[in-house]
Amino acid sequence: MTQGRAKRNLWLHFTRMSSYGRGEVPVIVRGSGQYVFDQNGKRYLDGLSGLFVSQIGHGRREVAEAGARQGSELAYFPLWSYAHPRAVELAQRLADLAPGDLNQVFFTTSGSEAVEAAWKLAKQYFKITGEPGRYKVISRDIAYHGTSMGALAITGLPAIKEPFEPLTPGGVRVPNTNFYRAPSFVAGDLMAFGRWAADEVERAILREGPASVAAVYLEPVQNSGGCFPPPPGYFQRVREICDRYGVLLVSDEVICAFGRLGYYFGAERYGYQPDIITFAKGVTSGYAPLGGMLVSGRLMEPFSEGTATFLHGVTFAGHPVSCAVALANLDVFEKEDLLGNVRAREAGFRATLEKLGDLPIVGDVRGDGYFYGIELVKDKGTRETFSDDESERLLRGFLSTALFDAGLICRADDRGDPVIQLSPPLTCGQEHFDEMEHILRSVLTQAWSRL
Ligand SMILES: Cc1ncc(COP(=O)(O)O)c(C=O)c1O
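This is the structure we're talking about:
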C-alpha cells in the first residue's frame, strides 16, 4: 500500500525517481535512540542523524511532548510585530550560548532561509550605513549553503546550480580547504596550505573590488566534498582579512552548531568570532523545523533607530512549537552533557574510522567531533580518484544501496571526490562506532572486489 502510494504521489528531494521503478522506496516509520526502523521492522544505525539533524537521537518523548504542550497553549503566532514567550526564551538562551557579541536572534524555518536572511541583512546593512555598493558574497568551491535561489548563488556546486541559471548575482568562489588534494606548492605543509587558502579570500576581495564585497560565508568544517576541517590559523587569517576590508564573516553552522563538533558553535571550537552565525538542523534535533541567524549587536544598531526596518520575514519563522521543542532539546544537551560526550569520545570515533585505512579503497579519513568523511580512491599511492563512470557505478550502483541493506544510514557522495560521510547522533558511544566500522569494512571490501 504505502509503496504504491509513495511511488504515485511523493516526489523525493534530490532523488532520481526512476531508480524506484523496480526497487522499493525506503520507508522509515519509527526511531529510537541511535536507530531507525523501516516498514518491514528492519533496524538501521542512523550514522547521519537523518540529515545532520538528530543530535539527541530519535524517540525522545520529553521533546515531542514539549511541542505538543505548546501546540495546545499557543500553536501559532507570527514574529511580525509580535513576540511569543518561547521565541523570547529561546532567543535569550541562544544569545547566552553564542560567542562574543552575537546577541540578536532572527529566526527562520530552515538553513537555506537563514543563509538568505544573512545575505539580505548584509546588503541592507551596508545600504543604510553608506556603502550601498557592497552586495557580493564569497564562499568556497564545493561548499553547500542551501538550495533556494539566493542560497544557491552562494553554494559552490556547479552541477546543482546550472539548471537554474541565471542565479542571484554576486556569488564569488575561492578554493576549499581540502588538504588531501592541496595544490603541489603547499602540499605536505598544513600551515602553508591554510595560509594560502585564507589569502585566496583576500585575493578574491581585491579582484572583485573591496567596495563591492558584503560577506564571506564559511562552514567551520566544510561538509560537501567530505568534511574538510579548517587548517590551523585559517579562520584567524580570514577574520583579519575581513576586518581589513570591512567585509562581514558569516559562519554557516547549519550542520556544525549544536554539538556536532563538541561545542555549541563551531566558531568556539576553532577560536574565531563571526559577525553572523547561521543555524538550523540540530537546534531542534529535528523534532520540529527551525533555523535562524545569530547577529552581532553592532549590525542591529542601524536598524534600531527612526524608521529603519530589516525588510524581511517568513510566516513560520520562530514557530512557537519549534521554539518549545528547541528549548527542550537544549535541556537534553545540558542534562546529558552531550557536548562532554562528544569531546570525550571523538578520539575513539576517529581511531575506529582510521582502522579502515588498511583497505585499499580508503584514501583519507578526515573530520572533527562527530563529523567525518572517508574519501575513496582507486590508487592509494597516487591518490588517483575514480572516473565519472566508475564513481557512478561505485556510489549509486553499489555503495548507497549496499550500506543501507547492511543496516547503516550514511552518505555516499561524489559532489566532490567520492566520499562516505558519517554524522551520528551525539549520544553514540564506542559500540556504535564499532558497528559503523564493521559494516563499512565489509561493504567497502565488496566494493573493491567489484571494481
Ligand atoms: C552549511 C549548510 N547551509 C545551509 C544548508 C541548507 O539548509 P536547509 O536544507 O535547512 O535549507 C545546509 C543543508 O544541509 C548546510 O549544510
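Position 301 (the sequence shown) corresponds to 283 in my numbering; numbering is contiguous.
Here a beta-carbon is modelled for each residue, glycine too, at the ideal position from N, C-alpha and C.
Once you ignore the five residues that flank residue i on each side, which residues in its own chain have a CB closer than 7 Å to its CB?
i	result
F292	L103, Q106 and F285
N158	R122, D123, I124, A125, Q204, G207 and F210
R432	F380
Could you work out which residue in the options is closest to residue i when comparing CA atoms only?
i	options	result
G300	T111, T266 and P342	T266
E190	T(-3), K118, E250 and F146	K118
G248	A180, H127, D340 and D350	D350
F331	E419, G273, L(-6) and T260	E419
E448	T(-16), A100, S92 and N85	For the chain, the structure presents residues -17 to 433; residue 448 sits outside this window and is missing.
S373	G339, K360 and Y64	K360
G411	T334, L341 and E55	T334
P437	G339, R(-10), A329 and S233	In the structure as shown, the chain starts at -17 and stops at 433, and residue 437 therefore has no counterpart that could be examined.
D313	A65, L76, E144 and R(-13)	L76
V183	K143, V168 and L200	L200
N160	L381, G355, T409 and D371	G355
A180	P213, S194, S166 and V220	V220
G82	F167, L276, A169 and L320	L276
Q74	V87, D225 and W62	V87
T150	L139, A133, S166 and R43	A133
I need the boundaries of the alpha helix (DSSP H) containing residue i, first residue and last residue.
i	result
E440	With the chain running from -17 to 433 in the structure shown, residue 440 is simply not present.
S233	S233 -> not in any alpha helix (DSSP H); beta strand (DSSP E) instead, spanning L230 to D234.
I421	Q412 to R432
L385	S382 to D387
S94	G93 to I110
Y252	G248 to Y252
Q21	Looking at the DSSP string, Q21 is not in any alpha helix (DSSP H), and its letter there is neither H nor E.
Among the residues of its own chain, which have a CB less than 8 Å from the CB of residue i, if the five just before and after it don't count?
i	result
R163	R365 and D399
P342	K362 and W430
L27	Q16, Y17, G389, L390, I391, P406, H414, E417, M418 and I421
W(-7)	M(-1)
A141	R397
V296	T90, T91 and E95
G339	V347
Quick one, are the C-beta atoms of residue i and residue j less than 7 Å apart?
i	j	result
R177	V156	no
R397	S206	yes
P256	Y227	no
C305	A48	no
R25	F19	yes
R242	F353	yes
G443	V324	Because the chain spans -17 through 433 in this model, residue 443 falls outside it and cannot be assessed.
G274	F89	yes
V425	A384	yes
A270	V303	yes
A435	I258	The shown model of the chain, from -17 to 433, leaves out residue 435, and the question about it has no answer.
L404	Y246	no
N311	V45	yes
Locate the beta strand (DSSP E) running through residue i, then write down its first and last residues.
i	result
N85	L84 to T90
Q403	V401 to L404
Grab me the residues of residue i's own chain with a C-beta within less than 6 Å of its C-beta, minus the 5 sequence neighbours each way, in chain order.
i	result
T129	S94
Check whether the Cβ of residue i lies closer than 6 Å to any heavy atom of ligand 3, and answer yes or no.
i	result
E98	Ligand 3 is not part of the structure shown, which contains ligand 1 as its ligands.
* **Inside the segment 324 to 379 only - beta strand (DSSP E) runs reaching at least 3 residues** => 344 to 350 and 353 to 358
* Fully enclosed by the segment 24 to 78, which alpha helix (DSSP H) runs are 4 residues long or longer? -> 31 to 34 and 43 to 55
* What beta strand (DSSP E) runs, 3 residues minimum, are completely inside the segment 259 to 314? -> 273 to 278
* Contained beta strand (DSSP E) runs [length at least 3] in the segment 116 to 165, N- to C-terminal order -> 118 to 122 and 153 to 156
* Along the chain, which unbroken stretches of the beta strand (DSSP E) at least 3 residues long are found entirely within the segment 183 to 245? -> 195 to 200 and 230 to 234
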